[in-house]
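Scroll down for the structure; my scribbles are underneath it.
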DNA sequence: GGGGTTTGTTTAGCATCCTAATAATATACG
DNA sequence: CGTATATTATTAGGATGCTAAACAAACCCC
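Protein chains in written order, with this note's numbering: chain A, 531 to 698; chain B, 531 to 698.
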């Protein structure tokens, strides 16, 4: 069929404006991304979310910080504290992170990588470059940069929307 | 810091190539998107996934098809059949869809919108245009089209990767 | 025509994510 | 000082997603 634009109002396809197309392509791309990444992470015995925590801890460590509190992880990973609790629970059960106490604050707990955790991160990172290149091989470097720029702009806008939403 | 590329191997930041940046921006944009959309859908008493099913059914209906099987929904929404079962269960409990039997095939079940479901879809669609515009207001129409084009290209590539992955 | 394979759906079990509510500690302020 | 508020983490309960496995029905092919 592939109806021309005037036909839109009549029948069903109310989703052909640039904004609708863009939105759907983000959702679709992310869905496909998850499907490709899941088996990849599974090879290392972890999930994508768990990798998010491990990578964040590794970066923080490389920056000289002494572990991250659950709240810090929540902020950086864009997930709520109760979700962090669950992921960290399972990582702790795997023996790749531990919960320390924070000197000046009895409420807080600091999550740090164990030796086993650092080894796992190193193993994943070794495979990570090629994997990321494979996934984005559909776009050349210039297109990847364009995509990053456009999504960065969108991300800033969404952060603005969110802060208004939460202030309300 | 912003280390130059040679420094990457040394310390921590192994994620500054265009591909890494692009990948992270997709994940981040999607995360923010979910946070903005969730309260929006909640206003209608549904979730984003449920809207995915409803919208797909509505489009199929507008195209003159007589409902969709769970497998069809699985294909179009990029989620596995067991997940479709769950979402459809809840939609059925809400009274907005029903499971019919398919004439020529005793295995299959066809999902169709109820009158209540059609009313709900109409109500959401009425608010949908402005909402989508608001969300993508950070980008002008040209940028939205660029984003769609880039993600479309990426999506095609990912579908290729996936079919190889599944064939294996 | 009948045995083996494929297809459509569901069940079971696990990992994420969410919101709302709880508990404990820190901080602020009158 | 001592109460009120804010912060940190967890628990409880619901919704999505996945894989693996079960079941029935349809199909294929000799």
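Built from N, CA and C at the ideal position, the CB exists for glycine as well.
Contacting residues, own chain, Cβ-Cβ under 6 Å from residue i (five flanking each side not counted)
| i | result |
| --- | --- |
| residue 607 of chain A | 582 |
| residue 654 of chain A | 574 |
Inter-residue Cα distance where the pair is residue i and residue j
| i | j | result |
| --- | --- | --- |
| residue 656 of chain B | residue 601 of chain A | 38 Å |
| residue 577 of chain A | residue 687 of chain B | 23 Å |
| residue 562 of chain B | residue 568 of chain B | 10 Å |
| residue 540 of chain A | residue 650 of chain B | With a pLDDT of 40 at residue 540 of chain A, under the threshold of 50, the modelled position of this residue cannot be trusted, and the question is left open. |
| residue 665 of chain B | residue 694 of chain B | 34 Å |
| residue 639 of chain A | residue 592 of chain B | 54 Å |
| residue 674 of chain B | residue 549 of chain B | 20 Å |
| residue 595 of chain B | residue 572 of chain B | 29 Å |
| residue 643 of chain B | residue 559 of chain A | 27 Å |
| residue 564 of chain A | residue 580 of chain B | 19 Å |
| residue 667 of chain A | residue 547 of chain B | 13 Å |
| residue 623 of chain A | residue 566 of chain A | 26 Å |
| residue 633 of chain B | residue 584 of chain A | 51 Å |
| residue 692 of chain B | residue 609 of chain A | 27 Å |
| residue 658 of chain A | residue 635 of chain A | 36 Å |
| residue 648 of chain B | residue 589 of chain A | 49 Å |
| residue 689 of chain A | residue 663 of chain A | 28 Å |
| residue 613 of chain A | residue 671 of chain A | 35 Å |
| residue 685 of chain B | residue 637 of chain B | 32 Å |
| residue 652 of chain B | residue 652 of chain A | 51 Å |
| residue 551 of chain A | residue 551 of chain B | 23 Å |
| residue 631 of chain B | residue 631 of chain A | 58 Å |
Neighbourhood of residue i by C-beta distance below 7 Å, restricted to the same chain and skipping five residues each side
| i | result |
| --- | --- |
| residue 512 of chain B | In the structure as shown, chain B begins at 531 and stops at 698. Residue 512 of chain B is therefore absent and cannot be evaluated. |
| residue 641 of chain A | 587, 597, 598, 600, 603, 618, 627, 629 |
| residue 737 of chain B | Because chain B in this structure spans residues 531 to 698, residue 737 of chain B falls outside the shown range and cannot be described. |
| residue 570 of chain B | 661 |
Contacting residues, own chain, Cβ-Cβ under 8 Å from residue i (five flanking each side not counted)
| i | result |
| --- | --- |
| residue 611 of chain B | 600, 601, 604 |
| residue 615 of chain A | 600 |
| residue 620 of chain A | 580 |
| residue 542 of chain B | With a pLDDT of only 44 at residue 542 of chain B, under the threshold of 50, the placement of this residue in the model should not be trusted; the figure read from the coordinates follows. Contacts found: none. |
Counterpart residues of residue i in DSSP-defined beta bridges
| i | result |
| --- | --- |
| residue 632 of chain B | B/635 |
| residue 669 of chain A | None; residue 669 of chain A has no bridge partner. |
| residue 642 of chain B | B/628 |
| residue 623 of chain B | Answer is none; residue 623 of chain B lacks a bridge partner. |
| residue 599 of chain A | A/640 |
beta-carbon residue i near the ligand ADP non-hydrogen atom, thresh 7 Å
| i | result |
| --- | --- |
| residue 573 of chain B | This structure lacks the ligand ADP; in fact it carries no ligand of any kind. |
When the Cβ atoms of the segment 677 to 693 of chain B are set against those of the segment 550 to 557 of chain A, are three or more pairs found closer than 8 Å? yes
Suppose only complete runs of 3+ residues qualify. What are the beta strand (DSSP E) ranges in the segment 543 to 592 of chain A, listed by chain order? Whole beta strand (DSSP E) segments, 3+ residues: zero.
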